[in-house]
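In UniProt numbering, the protein residues as written are 1 to 188.
Here you go:
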């Protein structure tokens, strides 16, 4: 999402006018402005700041304060977003209102590197390591690097679909890795 805002910012001219394409309002302004209102309101809830690149932020600030039509659009959208805030609209969305406040677990310490582990697979999202107390000849644990509220499977929600899929794919890759000794009695 942020990459798209940066692409827009890179395509902007050098202060040739208050609008994206110069001195006259364009369909680009009318199309992008409502998304900017939403982005400026929502992205900080996910700890994404600044919400807009500097050139886009300057454009956004100019339109909402210097153009009466855009000011009206801003007030209408912002008013609705504030009502949604007041009604708890975002409270159940992980990262927007719902925060992971559970204490760090043993697995968080392994991810942080403060507890050593024999790592068998690692990428930017998943960590797999040998269990120090195996219940089978080969016992590998596969965990998310950023638990994001997923402290156990019963805590899973639609927001976890991506990481749960990644965990399953990693488990499948690990199970096929003959160098780990998987066969009868292996556990993942």
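Glycine included, each C-beta is placed from N, C-alpha and C at the ideal position.
Identified DSSP bridge partners for residue i
| i | result |
| --- | --- |
| residue 119 | 129 |
| residue 22 | 19 |
| residue 187 | 139 |
N- and C-terminal bounds of the alpha helix (DSSP H) containing residue i
| i | result |
| --- | --- |
| residue 134 | Residue 134 -> no alpha helix (DSSP H), and no H or E assigned at all. |
| residue 8 | 2-11 |
| residue 164 | 161-176 |
| residue 143 | Segment 140-144 is the beta strand (DSSP E) holding residue 143; no alpha helix (DSSP H) there. |
| residue 75 | 68-86 |
| residue 35 | 27-42 |
| residue 93 | Run containing residue 93: none; DSSP gives neither H nor E here. |
| residue 108 | 106-112 |
C-beta contact flag for residue i and residue j at 8 Å
| i | j | result |
| --- | --- | --- |
| residue 5 | residue 44 | no |
| residue 180 | residue 140 | yes |
| residue 187 | residue 136 | yes |
| residue 126 | residue 167 | yes |
| residue 70 | residue 33 | yes |
| residue 29 | residue 19 | yes |
| residue 121 | residue 173 | yes |
| residue 138 | residue 182 | yes |
Local Cβ density within 10 Å of residue i, reported as buried at 16 or more and exposed below that
| i | result |
| --- | --- |
| residue 36 | buried |
| residue 124 | exposed |
| residue 40 | buried |
| residue 144 | buried |
| residue 1 | exposed |
| residue 51 | buried |
| residue 170 | buried |
| residue 163 | buried |
| residue 48 | exposed |
| residue 155 | exposed |
Residue i CB to nearest heavy atom of the ligand COA below 7 Å
| i | result |
| --- | --- |
| residue 146 | Looking at this structure, you won't find the ligand COA or any other ligand, since it has none at all. |
Q | Validate contact between the region 62-79 and the region 112-132 using beta carbons, cut 8 Å, 3 pairs | A | no
Q: Evaluate contact between the region 148-158 and the region 130-140, counting only Cβ atoms and requiring at least three cross-stretch pairs below 8 Å.
A: no
Q | Cβ contact (3+ pairs, closer than 8 Å) linking the region 53-71 and the region 84-91 | A | no
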